[in-house]
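**Q** Those sequence lines, one after another, are chains A and B. Using this note's numbering, you'd call the opening residue of the first sequence number 1 and step up by one each time. Using this note's numbering, you'd call the opening residue of the second sequence number 763 and step up by one each time. Quick reminder that beta carbons are idealized off the backbone N, C-alpha and C, glycines included.
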Amino acid sequence: MSRYIATSAIRGAMNIAREADALLQKALQDKGADAKVGFPNTAYFLPTILGLTGRKVETVGDLVPVMEQIKTYLHPVPAQARWTPYLGETLDGGVATLLAEEVLMGLGFLYGDQPEKMPGFHLAQAAASFTSPEFQKDGDGAGNLNGPIDDIQLRSWGIQLVDGRMPGFAAVVGCAKSNEVAVKIIRELQRRNILIFLAGNVNGRSIIHQLQEEGIEMGYDTYIVPFGTDTRSAIYALGFATRSALTFGGMKGGQAREILLYNKYRVFAFVLALGEVDDLKYATAAGAISYGFPAIADTVIPEIHPTGVTQYEHVISMPFNEIPGKDDLERAEKLVQRCIEVRGVKIKMTEVPIPVPYGSAFEGEVVRKADLRFESGGKHSRAFEYLYSLPMEKIEDGKVTVLGPDLDQVEEGGHMDIGIVAEVAGRKMQEDFEPVLERQIHHFVNGASGIQHVGQRDITWIRISKAAYDKGFRLGDLGKILHARYHADFGAIVDKIQVTIYTNQADVNTMLQVAREAYNKRNVRLANMVDEQVDEFYSCTLCQSFAPNHVCVVSPERVGLCGAYSWLDCKASFQINPTGPNQPIPKGQQIDPVKGYWKGPVDFVYQNSHQQVENVSMYSIMENPMTACGCFECIVMVIPEANGVMVLSREDTSMSPAGMTFSTLAGMAGGGLQTPGIMGVGKYYLTSKKFLFSDGGFKRIVWMSSVLKQTMPEELKKAAELAGDPDLLAKVADETICTEVPDLVAFLESKGHPALTMDPLM
Amino acid sequence: MEQITLTIPALWADHHVTSVKRLLSPISGVENVFASSAFKQVMVEFDASKTSQAALVKALSDAGYAPGTEAVVAESPFATPDPAWEKLGQRVTTTNPIDLQLSGEFRKY
């Protein structure tokens with residue numbers, strides 16, 4: 001343990017605590033003890049304070065006991081001459097720092113200082129979170145940095161955090177040696193799909209400025225979240241980590257020890273300090289170390305090698321100019337590599353032989369009109385994609401053919417029809433896997449920097465940027481991407497793959513007809529696939545790395561609650577990884593076909609929830625409903641007065657008739673807890689015939705977030721028809737109609753909603 | 763062009779760096795400001811015909827960034843010795859079962 005670090009960290013903790021105390025006293029004077037304090041769109045109040053102290057801060061007055069608690073964590077700086085074991089005191093100082101920073105940020109919202117103002121950025125919105133340098137071009141001078149990440153985004157990242165697509169997060173604090181180095185560090189992290197949080201400055205200059213100057217797109221979609229240009233805003237990263245434990249780990253506020261251990265073992269994060277390290281950076285890093293997150297600096301600072309609080313080293317110094325390498329770019333690459341080693345982040349990487357960078361972090365990139373080199377699909381042309389299986393001998397693995405003109409023959413900003421046809425073969429390949437594999441084309445193609453892919457089947461829309469074209473990207477590279485990724489991700493079922501890109505109009509038309517016939521055949525097959533026809537369901541315990549006691553049971557008529565895993569997906573996943581999270585569950589003896597009890601799922605869930613969930617019904621919300629992790633797309637909750645249920649979408653931040661927002665309700669529905677009357681589900685489960693099968697089905701829905709009505713109108717209409725009431729949707733309220741129960745009941749009565757005359761739910 | 767370097771104890775974190783730069787940069791005659799929260803120092807390059815060291819020091823002092831040499835928090839009013847050291851002559855620790863549980867097969871698949 002370094003006395004220098006201990007001294008700096010404790011000194012920093014004292015100073016920040018004093019600042020927080022001063023601002024709190026000012027706020028008590030200016031605004032009064034009852035003034036509201038909190039972060040937007042979260043159910044976790046000030047999350048670090050909630051997690052580590054159990055205190056739910058809602059008003060300025062609530063911060064007073066927090067401040068008193070912070071003071072108890074402050075110890076004197078180590079003496080000059082006498083040795084004392086100061087690791088504990090330093091870590092206490094770190095926790096005090098985090099709590100004080102959150103007090104400051106919370107009060108910052110009260111005073112309108114947070115999120116930090118910065119021209120060229122827009123405050124991230126719930127559904128379309130986006131902070132893009134593009135706004136600067138529009139002359140927007142009143143932008144904001146991101147501030148804290150809201151619960152919606154945290155949950156939508158949940159599945160990626162647990163399935164390894166997003167192996168961890170990096171809190172990058174300070175300013176890189178040059179803009180070029182800043183971009184390289186970020187690209188290296190993006191390439192590994194690591195979520196990037198930005199904060200801090202050196203001499204007034206932050207890595208956020210550097211990336212903005214270089215035109216790097218920042219936002220949730222690109223995994224780069226700019227919190228603020230000072231170190232205090234790094235608290236949002238620790239708040240994110242705390243909420244991971246509260247959201248997915250089923251932990252409660254005040255379980256400080258469990259929350260810190262959860263983060264040490266399950267959240268792969270680290271701090272990368274660029275440039276000089278001051279007292280507050282040491283103090284904040286000490287707080288991060290309590291979470292098990294090590295700190296790596298690119299300057300000369302003392303190191304802390306012994307392990308314990310973190311898994312490997314606690315603090316590492318890697319002076320940038322001393323890193324062996326032929327130039328700064330290579331040094332930046334090695335710096336990131338070292339960070340990953342120190343934290344022990346598990347990375348899955350696939351080398352894709354194309355001329356542009358490739359990684360999941362590029363999936364959210366948008367190719368705008370000004371940057372457009374070529375597009376297919378959308379308004380002016382048609383694109384489709386089709387994957388099917390053939391016998392082994394008919395496929396030449398890795399063969400990519402472009403039949404017709406390539407990009408060079410299309411004028412800049414132009415378009416043409418294309419068809420991407422992938423033919424696969426494998427000993428374990430089954431016809432049922434074809435649509436599962438075909439759907440992956442969207443993710444695979446989107447991973448290329450400068451390529452945007454939207455939709456699927458014959459509503460595909462592909463855009464290619466000028467930058468990608470200039471680097472040498474051509475249509476054949478789409479085939480190379482598919483070849484590399486199918487082998488890497490689905491190697492257990494795909495042994496060979498060849499890809500043909502059709503661009504001749506006549507060929508496109510012919511193949512489109514073939515593809516459409518296959519789509520129809522698959523639709524019929526999926527529609528006929530019902531729970532009664534199969535002998536086994538599939539488990540999904542992917543989220544147990546975050547929610548240890550949760551088990552999803554996925555059946556043909558009940559998609560996983562995250563919406564990402566259907567029964568066919570699970571079946572394919574089991575073939576790929578027979579010891580993985582998707583295991584077949586033989587249905588076994590049928591106990592109750594209406595409520596959906598089978599011996600197999602009940603036993604499996606009991607065993608795999610570590611004996612926490614004793615019984616589970618597949619089709620009831622009232623009796624032993626299925627548990628949820630935290631990644632659910634919707635919450636279904638009983639509204640007793642309306643004798644029905646409401647469906648609240650993850651994307652809806654408004655108040656619901658239950659008197660709570662999504663974020664608040666999610667705390668009751670997630671974490672592997674079984675709560676009768678409330679359930680987390682995937683949105684397409686709403687349209688299943690087995691939705692609340694024993695409780696009255698689709699007709700029980702009395703209220704639904706309008707975003708669901710807007711985004712899946714056809715599916716919901718069909719479900720209403722199947723329920724025997726084609727006009728049902730018009731009788732279902734949403735947040736634009738009412739958010740109070742009396743108003744809801746009045747609305748339902750005026751519309752003659754069938755739920756009012758159904759058997760009582762409770 | 764003159765250059766001064768001032769030690770400012772209150773310059774202990776990067777949000778103060780931002781404040782000090784915002785404070786000094788608009789002053790007429792100030793050409794460059796380099797502020798370091800690690801060294802708690804600010805270096806100012808200025809045109810002596812337009813401003814003076816005294817004026818810069820005054821601007822800093824008025825904003826709570828008075829130059830000085832003493833550490834700003836030799837002792838914090840909050841700081842107390844860890845009471846555990848008073849209570850326990852010897853620290854006895856046992857491994858918490860949660861540690862063992864969590865450090866085991868936490869990713870089973």
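1) For T736/A, count neighbouring Cβ atoms within 10 angstroms of its own Cβ and tell me buried if that reaches 16, exposed if not.
2) Could you have a look at G120/A and say whether DSSP puts it in helix, strand or coil?
3) Output the residue ranges of the beta strand (DSSP E) runs that lie fully inside the stretch 459–536 of chain A and measure 3 residues or longer, sorted by chain position.
4) Establish whether the CB of T231/A and some CB of chain B are separated by less than 7 Å.
5) What span of residues does the alpha helix (DSSP H) with P47/A cover, start to end?
6) If you reduce the DSSP assignment to three classes, tell me which class F130/A lands in.
7) Is it buried or exposed, K683/A, if we count other Cβ atoms within 10 angstroms and call 16 or more buried?
8) Under a three-way DSSP split, which group does D138/A fall into?
9) Am I right that F537/A and S555/A are in contact with their C-beta atoms under 8 Å? What's the rounded C-beta distance?
10) Spell out a yes or no on whether the stretch 740–757 of chain A and the stretch 767–787 of chain B are touching, meaning 3 or more CB-CB pairs, one atom from each, closer than 8 Å.
11) So which residues of chain B does D278/A contact, with C-beta pairs closer than 7 Å?
12) Under 7 Å, Cβ to Cβ, is there at least one residue of chain A near F808/B?
13) How many Å lie between A79/A and M655/A at the Cα?
14) Taking only beta-carbon atoms, is G455/A less than 7 Å away from chain B?
15) If you drop the 5 nearest sequence neighbours on each side, which residues of the same chain put their C-beta closer than 8 Å to that of P788/B?
16) By alpha-carbon positions, which one of Y486/A, S750/A, K281/A ends up nearest to R232/A?
17) Counting only Cβ pairs nearer than 7 Å, list the residues of chain B close to G204/A.
18) Once the 5 residues before and after T796/B are set aside, which same chain residues still bring their CB inside 6 Å of it?
19) Give the DSSP-derived three-state secondary structure of I207/A in the structure shown.
20) Ends of the beta strand (DSSP E) at N794/B?
21) Count the other CB atoms within 10 Å of the CB of T503/A; is the residue buried (16 or more) or exposed (fewer)?
22) My assumption, with CB atoms under 8 Å, is that L28/A sits in contact with V77/A. Please give the rounded CB distance.
23) So, is the C-beta of G120/A closer than 7 Å to a C-beta in chain B?
24) Do A182/A and I149/A have their C-beta atoms closer together than 7 Å?
25) Report yes or no: do three or more beta-carbon pairs, one from the stretch 269–279 of chain A and one from the stretch 287–307 of chain A, lie closer than 8 Å?
26) Is it buried or exposed for L775/A, if we count other Cβ within 10 angstroms and need 16 for buried?
27) Mark A733/A as exposed unless 16 or more other C-beta atoms lie within 10 angstroms of its C-beta, in which case mark it buried.
28) Do you know how far the Cα of L478/A is from the Cα of I497/A?
29) Unbroken beta strand (DSSP E) runs of length 3 or more, entirely within the stretch 139–193 of chain A: which are they?
30) Would you list the residues sitting across from D592/A in a DSSP beta bridge?
31) Within 10 angstroms of the Cβ of N321/A, are there 16 or more other Cβ atoms? Answer buried if so, exposed if not.
32) Pop quiz: K31/A and L104/A are said to be a contact at Cβ under 8 Å. What is the actual Cβ separation, rounded to whole angstroms?
33) In or out: K54/A buried (at least 16 other Cβ within 10 Å) or exposed?
34) What does the alpha-carbon distance come out to for the pair V835/B and R18/A?
35) Look at I576/A and L692/A and say whether their C-beta atoms are less than 7 Å apart.
36) Is there contact here, the stretch 259–266 of chain A with the stretch 64–75 of chain A, by at least three beta-carbon pairs under 8 Å?
**A** Checking against the coordinates, here is how it stands:
1) exposed
2) coil
3) 461–465, 496–502
4) yes
5) 47–53
6) Model confidence at F130/A stands at a pLDDT of 48, short of 50, so the residue's coordinates are unreliable; what they give is reported in the following sentence. Coil.
7) buried
8) Since pLDDT at D138/A reaches only 44, below the 50 mark, its modelled position is unreliable, and the value read off the structure follows with that caveat. Coil, per DSSP.
9) 5 Å
10) no
11) W774, A775, D776, S799, A800
12) no
13) 54 Å
14) no
15) none
16) K281/A
17) V779, T780, K783, A797
18) Here residue 796/B is Phe; the residue named in the question, Thr, does not match the sequence. Hits under 6 Å: M805.
19) helix
20) 792–798
21) buried
22) Between V77/A and L28/A the Cβ distance is about 29 Å, and since that is not below 8 Å, they are no contact.
23) no
24) no
25) yes
26) Outside the shown range of chain A (1 to 762) lies residue 775/A, about which nothing can therefore be said.
27) buried
28) 13 Å
29) 169–174
30) Y597/A
31) exposed
32) At roughly 15 Å, the Cβ-Cβ gap does not stay under 8 Å, so K31/A and L104/A are not in contact.
33) The sequence as given places Gly at residue 54/A; Lys does not occur at that position. Exposed: under 16 other Cβ atoms inside 10 Å.
34) Bear in mind that a pLDDT of 49 at V835/B, under 50, signals an unreliable position, so the number given afterwards is only what the model happens to contain. Whole-angstrom Cα-Cα distance: 10 Å.
35) no
36) no
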